[in-house]
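In the numbering used here, the protein residues as written are 8 to 646.
This is the structure in structure tokens:
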């Protein structure tokens, strides 16, 4: 057996011993006596009875081990031209001081703090300060519309909101304070205090009696010598709430516990990412998303790594070489980002001419997640970087990888289109609509995880066990429903093909839109693409495709559209029935890079739809609507 197979079998044979051994990777105030308590919570709880503190494990213990002068966090902002390095000693000092500021404003164990900030070091400092004193943080993506902020304020009921004067995009400054003021005015729950960081690029417009200046409060605390000590927390106490979109329009507050979260993330840094203490790890994401929580802030610091907090974009800040510059400058060992980022770089610089200007020899591995990684993008990245490019799959709810290629155990063969193999803790089953196991490998179905979920996964939703059961557990009793569809092949590799509702039924044939996208992305002119199913009176549904072309394309658009249709016919067959391909300048996406397929489908089908709160640029939907209209694909109601 391979080392991966040995480790996975060791977990299967004795999960209690496996996770108790993994728990030795963190420091406990009081170590747990057992790993799992099946009688606590909705499906059981991890490390019940253990006492620990996340901030201490991320910071103090490394200083005590003599790492005070080692870089902990590098802030790199090509948007503003700012850079700053915080050593472990400096970051500990900043976090302990801001934790005291929060205490001075009445925040204690179990109180909630909403963090509504751009990609600045103070966002991570606020997160770790909450963890230090046992407050529960809820990070809301900076610049979210007031209505979205209201729903989170009223659900989490924060005592304090921490924000900034502005966020900065490549071509605009977004004032946060007016958005925050409107949200507070419109919310039923009112925070006691708002702490605002004033940035050089935009002054704070006005301050109410509720508002306080971050810098002034920090100066006062330093002058008084106020620093907060780490608060011992139960392993099962909530560390944070992170809201993810719900089908009802009401966001779901994913709860992350304290002990299991640390154990899982520490295990992942050793065994999945293979990044050692003192090395530089870069997750090119945002602290507003789960990747930012797990792999910008918590996991790298638990491991004693240097983490990068990057305020920029893969292209346009200033060019398609910015990722290579960061890798060279900060000696990045592992990069974790979304496939969208690499598709954007490939579109702007298909021959990777910018790469030749930089030395990226420190980079050992590129990890992709957040959406399905198409084989063409993986192959392109492999070719230009000459390092393993590894797709892995997980969710906001799980907090760390469900499947992946565990480089720290062994580098497994890469299968294009697959997110690799299950990690210990995850027993994956492919189920049909009735909840029965599908027959044989390579059979498409709903991807479900046998309960209990491993450490680091959500134990419930904030103040709503019943919604947690209804959303995730009731459809397939005994399983967690991922809402993703896919199959496991003969070698045990998982292939995620689409969200469950993106499996389309064309004249009785169940077809994967992900499979069609895989074919389209192999076309030499295509930079990225999206396929979705829309209503069809004859066949029930029919697929339509949108493609974005690489820069420098000179081929006629109608010719490319015909070639793409033919390519799908050749690779998948006429049963795919993909007869409409539309070339567009851009695809509508969330700020985290996920394509808004459901919104496009609703527009085409003439259904009621709301502007997604997470959309990157609302104007793109006008182009999509016009493309649908020009191809005669809008229903009468939509038209």
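Glycine residues also receive a C-beta, built at the ideal position from the N, C-alpha and C atoms.
Nearest-angstrom Cα separation, counted from residue 493 out to residue 505: Approximately 7 Å between the Cα atoms of the pair.
CB contact flag (residue 190, residue 209, <7 Å): In this structure, residue 209 does not lie closer than 7 Å to residue 190 by Cβ.
With 16 other Cβ atoms within 10 Å as the buried cut-off, status of residue 512: With fewer than 16 neighbouring CB atoms inside 10 Å of its own CB, residue 512 falls in the exposed class.
C-beta contact flag for residue 211 and residue 170 at 7 Å: No, the pair does not count as a contact, with Cβ atoms beyond the cut-off.
Residue from 234, 259, 214 and 490 whose Cα sits closest to the Cα of residue 440: The alpha carbon of residue 440 has as its nearest neighbour, out of 234, 259, 214 and 490, the alpha carbon of 490.
Cβ pair count under 8 Å reaching 3, the segment 395-412 against the segment 611-625: They do not touch, by the three-pair rule.
Between the CA atoms of residue 571 and residue 542 - distance to the nearest angstrom: Looking at the two C-alpha atoms, the distance is approximately 21 Å.
Exposure label - residue 646; buried when at least 16 CB within 10 Å: Unreliable positioning characterises residue 646 in this predicted model, as indicated by a pLDDT of 44, which lies under 50. The coordinate reading is nonetheless provided below. Burial call: exposed.
Reduced DSSP category for residue 7 - H, G, I as helix; E, B as strand; rest coil: Any answer about residue 7 is impossible in this case: the structure gives the chain only from 8 up to 646.
Residue 196 versus residue 308: straight-line alpha-carbon distance, rounded: Approximately 34 Å, taken between the alpha carbons.
Cβ-based neighbour list, residue 15, same chain, cut-off 6 Å, excluding 5 preceding and 5 following: The residues are 431.
Three-state secondary structure assigned by DSSP to residue 287: Three-state result, residue 287: strand.
Where the beta strand (DSSP E) through residue 94 begins and ends: According to the DSSP assignment, residue 94 belongs to the beta strand (DSSP E) that extends over 89-94.
Identified DSSP bridge partners for residue 663: For residue 663 there is no data in the structure shown, the boundaries of the chain being 8 and 646.
Distance, residue 632 Cα to residue 286 Cα: One C-alpha to the other measures close to 47 Å.
Own chain, CB closer than 6 Å to residue 529, minus 5 neighbours either side, in chain order: The residues are 383.
Backbone CA spacing between residue 641 and residue 551 [nearest angstrom]: Each residue's Cα considered, the two are about 12 Å apart.
Closest by C-alpha distance to residue 142, when choosing among 121, 283, 40 and 585: Ranking the options by Cα distance to residue 142, first place goes to 121.
Between the CA atoms of residue 545 and residue 292 - distance to the nearest angstrom: Rounded to whole angstroms, residue 292 to residue 545 spans 43 Å at the Cα level.
For residue 551, the first and last residue of its enclosing beta strand (DSSP E): In this chain, the beta strand (DSSP E) harbouring residue 551 covers 547-556.
The segment 236-243 in contact with the segment 49-62 per 3-pair CB rule at 8 Å: At 8 Å Cβ cutoff, the stretches touch.
Cross-strand partners of residue 483 (DSSP beta bridge): Looking at the DSSP output, residue 483 bridges to nothing.
Contacts around residue 108, its chain only, beta-carbon distance under 6 Å, and the 5 residues preceding and following it disregarded: Apart from the 5 residues on each side of it in sequence, residue 108 sits with its Cβ closer than 6 Å to the Cβ of 224 and 228 in its chain, given in chain order.
Euclidean distance between Cα positions of residue 369 and residue 313: Cα-Cα distance, rounded: 14 Å.
Residue of 470, 348, 31 and 127 minimising C-alpha distance to residue 294: From the listed residues 470, 348, 31 and 127, the smallest Cα separation to residue 294 is found for 127.
Distance, residue 297 Cα to residue 595 Cα: Each residue's Cα considered, the two are about 21 Å apart.
Span of the beta strand (DSSP E), counted from its first residue to its last, around residue 119: Unbroken beta strand (DSSP E) run through residue 119: 119-123.
Any chain C beta carbon closer than 7 Å to residue 132: Absent from the structure: chain C. Only one protein chain is present.
Within 7 Å, strictly: CB atoms of residue 354 and residue 634: For residue 354 and residue 634, no; Cβs fall outside 7 Å.
Residue 312, enclosing alpha helix (DSSP H) - first and last residue: Premise fails: residue 312 is in no alpha helix (DSSP H) and is neither H nor E.
DSSP state of residue 236 mapped onto helix, strand, coil: Judged by DSSP in its simplified three-state form, residue 236 adopts coil rather than helix or strand.
Proximity winner among 548, 584, 565 and 593, relative to residue 608 (alpha-carbon distances): Looking at 548, 584, 565 and 593, the one whose alpha-carbon comes closest to that of residue 608 is 548.
Beta-carbon contacts of residue 413 that lie in its chain and below 6 Å, excluding the five residues immediately before and after: So the list reads 11, 278 and 279, once near-sequence residues are dropped.
Inter-stretch contact (C-beta, 8 Å, three-pair minimum) for the segment 461-474 and the segment 256-269: By the Cβ test, the segment 461-474 is in contact with the segment 256-269, since at least three Cβ pairs between them sit closer than 8 Å.
Closest residue to residue 236 among 64, 488 and 381 (Cα-Cα distance): If we check each option's Cα against that of residue 236, 64 comes out closest.
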